[in-house]
Each structure stands twice: as C-alpha cells, then as structure tokens.
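In mature numbering (1 follows the signal peptide of the UniProt record, and there is no 0), the protein residues as written are -24 to -1, 1 to 212.
Even glycine gets a Cβ: it sits at the ideal position worked out from N, Cα and C.
On a predicted model such as this, the values are computed, not experimentally measured, just so you know.
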C-alpha cells in the first residue's frame, strides 16, 4: 500500500527533474547572425574612429556557418576573434551552458568614406598643398591607410606620380627633403627673446624634424634639427 502511494509521486518528480535537465531553448540562426553582424558593425565603428575616417559607411555580410546550431539555455554571446583586417573579420558565438557549443563566423565588409584624393596630376617629389587635393567619397575596403584630413597630407612630398582622382594613401607620401648634404644652411638658435643665427654647411640630408650633422662657420661640427627649407636649429 505504501509503495503504491509514493510510486506515482516519485515518477512525477523524476519526470519533472528529467525535463529540467534535458530541456534547452532553440537558437534561431537568423538571430545569431544578426548578433554577429551587430558585433562587426561595432568593431568597424571603432576602427573608423581610430583611423579618423570622415562619414564612414559599412555594408556587412556574415558568411553563414553550415553547421547546425544546437539549443542553448542561456542567450548566446558573440566575441571578436580576429578583427585586424576590417574588410574580413572573424567572430565566435558561444553558448554559455556547461559544455555549450562554439561556432566561428566570418564577416566581409565593404567600407566607404570621404577621403583625400588628388585634385590634379601630382608629379613625383611635389610638395602637396591644399589646392592639390580634395575630399570625395570612395570605396576604401582595400585602402585602409587612406586619409580623411586634408591637413594631414599638406607639406608632404609625393613618392611617385599621382593621377587626378586617385585616393591618396600613406605609402604614396614622404616628408620632403628640406636640407641636402653639401648645401649651405642657416643655423638659428633661439632662447627666450634672443635669436642668434650664423651660416653653416649640411653634412647630411634631412627632412623636417630630422637630426643631422652641420658644420658651422667656425668649422665646428654640431648636431642640428631641420626646421625649415635650408634652416636648422642646434640640438645641444
């Protein structure tokens, strides 16, 4: 009699316990893909801020994972795995359950922004001025080193010929040479309100900010920093 009474209750509790242990909520693939896409958008915005892109726009595609997505009791989370290249990033979706699953996702992005382009043909070695460039919207998916600030390219010299309409990249420019070896230079020393200058000869070639050797009018070799065209200031 005792066994007959407790057996139904025992079976009910056993079934409830089994249900609690084995039950998991299904995960909608489209919702998980949307999470990955949102994570990619956030990474692209962060990259755009670091690169100072002007008015960036992104079109993100999530490459579908062919593996079936298993159920998960808790909401899956998405973490960045490799975001070094904004055009192609990798994320991992994780089910936080004990023994939960992990799925890798790859995103591909098309990126556009207002960037600096050549307003006219620029010959090799030309020092760039504000009149030589302008801002236009371009696809920069494959040119992440493009500039969005005209001031950043001014007073830099072109490494090679740049055609009108070309997006200007960092590897196209170099600091212009302001002092050449063997040429006369003006050595200017300033302290407080006092300025003293004298002639000299450059023993090295240098761009703005470079430290070179200069022989002054007394024949003494000093270390000097290039400040302007044909002008230096003593370092020591």
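Span separating the alpha-carbon of residue 23 from that of residue 33: Your numbering for residue 23 matches position 47 in the chain shown. Your numbering for residue 33 matches position 57 in the chain shown. Going from the Cα of residue 23 to the Cα of residue 33 covers about 12 Å.
One or two residues paired with residue 209 in a DSSP bridge: By 1-based counting over the chain shown, the position of residue 209 is 233. According to DSSP, which records beta bridges pairwise, residue 209 is partnered with 201.
Cβ neighbour criterion (16 or more within 10 Å) applied to residue 108: Taking the first residue of the chain shown as 1, we reach residue 108 at position 132. Burial state of residue 108 is buried, judged by a 10 Å Cβ sphere holding 16 or more other Cβ atoms.
Contacting residues, own chain, Cβ-Cβ under 7 Å from residue 51 (five flanking each side not counted): Counting from one through the chain shown, the residue named residue 51 turns up at place 75. Closer than 7 Å at Cβ, skipping near neighbours: no residue.
Buried versus exposed, by CB contacts within 10 Å (16 or more), residue 31: Here residue 31 refers to the residue found at position 55 when the chain shown is read from its first residue. Exposed, by the Cβ-count rule.
Buried versus exposed, by CB contacts within 10 Å (16 or more), residue 170: Position 194 of the chain shown holds residue 170. With fewer than 16 other Cβ atoms within 10 Å, it is exposed.
Local Cβ density within 10 Å of residue 37, reported as buried at 16 or more and exposed below that: As a working note, residue 37 is residue 61 in the chain shown. The residue in question, residue 37, is exposed, as its Cβ has fewer than 16 Cβ neighbours within 10 Å.
Cutoff 8 Å; reference residue 99; Cβ partners in own chain excluding five residues on either side: What you label residue 99 is simply residue 123 of the chain shown in a count that begins at 1. These residues qualify, in order along the chain: 134 and 137.
Residue 102 beta carbon near the ligand FAD (any heavy atom closer than 7 Å): Ligands in the displayed structure: none, and consequently the ligand FAD is not present.
Through-space distance from residue 76 to residue 5, alpha-carbon basis: Position 29 of the chain shown, counting from 1, holds the residue named residue 5. Position 100 of the chain shown, counting from 1, holds the residue named residue 76. Cα to Cα, the separation comes out at about 16 Å.
Cβ-based burial, residue 8 [other Cβ within 10 Å; buried from 16]: Within the chain shown, residue 8 is the residue found at index 32, counting from 1. Within 10 angstroms of the beta-carbon of residue 8 lie 16 or more other beta-carbons, which makes it buried.
Residue ranges of each beta strand (DSSP E) within the stretch 154 to 181, 3 or longer: 160 to 167 and 170 to 178
At least 3 beta-carbon pairs within less than 8 Å: the stretch 53 to 67 vs the stretch 88 to 97: Too few Cβ pairs lie closer than 8 Å, so no.
Residue burial classification, residue 196 (beta-carbon count within 10 angstroms, cutoff 16): Against the chain shown, residue 196 aligns to sequence position 220. By the 16-neighbour rule on beta-carbons within 10 angstroms, residue 196 is exposed.
Opposing strand residues paired with residue 90 [DSSP bridges]: The residue given as residue 90 occupies position 114 in the chain shown. Per DSSP, 30 and 113.
Spatially closest choice to residue 145 from 29, 92 and 111, by CA coordinates: Stepping through the chain shown from its first residue, residue 145 is reached at position 169. Answer by Cα proximity: 92.
Test: residue 123 CB closer than 8 Å to a CB of chain C: Among the protein chains of the structure shown there is no chain C, as only one such chain exists.
Reduced DSSP category for residue 192 - H, G, I as helix; E, B as strand; rest coil: Taking the first residue of the chain shown as position 1, residue 192 is located at position 216. Strand at residue 192.
Buried or exposed (CB count within 10 angstroms, at least 16 for buried), residue 160: One-based indexing of the chain shown puts residue 160 at position 184. Residue burial is scored here from C-beta neighbours: residue 160 has fewer than 16 other C-beta atoms within 10 angstroms and is therefore classed as exposed.
Top-ranked residue by Cα proximity to residue 120, from 102, 20, 141 and 208: Numbered from its first residue, the chain shown carries residue 120 at position 144. The option with the nearest alpha carbon to residue 120 is 20.
Three-way DSSP call (helix, strand, coil) for residue 73 in this model: By 1-based counting over the chain shown, the position of residue 73 is 97. Correct three-state label for residue 73: coil.
Pair within 8 Å by beta-carbon distance, residue 129 and residue 149: Stepping through the chain shown from its first residue, residue 129 is reached at position 153. Stepping through the chain shown from its first residue, residue 149 is reached at position 173. Yes. Within cutoff.
Beta carbon of residue 39 nearer than 8 Å to that of residue 84: Translated into positions along the chain shown, residue 39 becomes position 63. Translated into positions along the chain shown, residue 84 becomes position 108. A contact, by the Cβ cut-off of 8 Å.
Between the CA atoms of residue 141 and residue 180 - distance to the nearest angstrom: The residue given as residue 180 occupies position 204 in the chain shown. The residue given as residue 141 occupies position 165 in the chain shown. The straight-line gap from Cα to Cα measures roughly 36 Å.
Exposure label - residue 182; buried when at least 16 CB within 10 Å: Taking the chain shown and counting its residues from 1, the one referred to as residue 182 is at position 206. When all chains shown are included, residue 182 counts as buried.
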